[in-house]
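Okay, so here's the structure we're looking at.
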Amino acid sequence: MTLFLNDEEVAELTGIKRGKDGTHRYDLQVQQLRKMAIPFYVSAIGKPVIARGRIEGIKDATPAPPEEEWQSDLEKAKGGIWAGNQRRI
174 MTLFLNDEEV
184 AELTGIKRGK
194 DGTHRYDLQV
204 QQLRKMAIPF
214 YVSAIGKPVI
224 ARGRIEGIKD
234 ATPAPPEEEW
244 QSDLEKAKGG
254 IWAGNQRRI
């Protein structure tokens, strides 16, 4: 499986397989993708490039934020060993 949709998949998604009235199919596909509000990029040759993950519902690879804020062992110990910046002896 590739990272981006291939030409056949883009044609199936947009319903546009060939150009019409002198307009290239890529231009028509770009117009349709905008109407459908599907995120895509346009390559240097005008071809729409769609990330497969955007269509299949795969979330970004960025990790979720931690549930708790990370604390160093020293910060954790401040409550027990350190009290208000004063050391217990």
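In the numbering used here, the protein residues as written are 174 to 262.
Backbone N, C-alpha and C define an ideal beta-carbon position, used for all residues, glycine too.
Please read all numbers here as calculations on a predicted model, not as lab measurements.
Spanning the alpha carbons of R227 and P221 requires a straight line of approximately 14 Å. If the five residues before and after K193 are omitted, its C-beta is found closer than 8 Å to the C-beta atoms of L201, all from its own chain and listed in chain order. Residue state for A217 is assigned as coil, using DSSP reduced to three classes.
Here the alpha carbon of L206 sits roughly 7 Å from the alpha carbon of T187. A direct Cα-Cα distance of roughly 17 Å separates A224 from I218.
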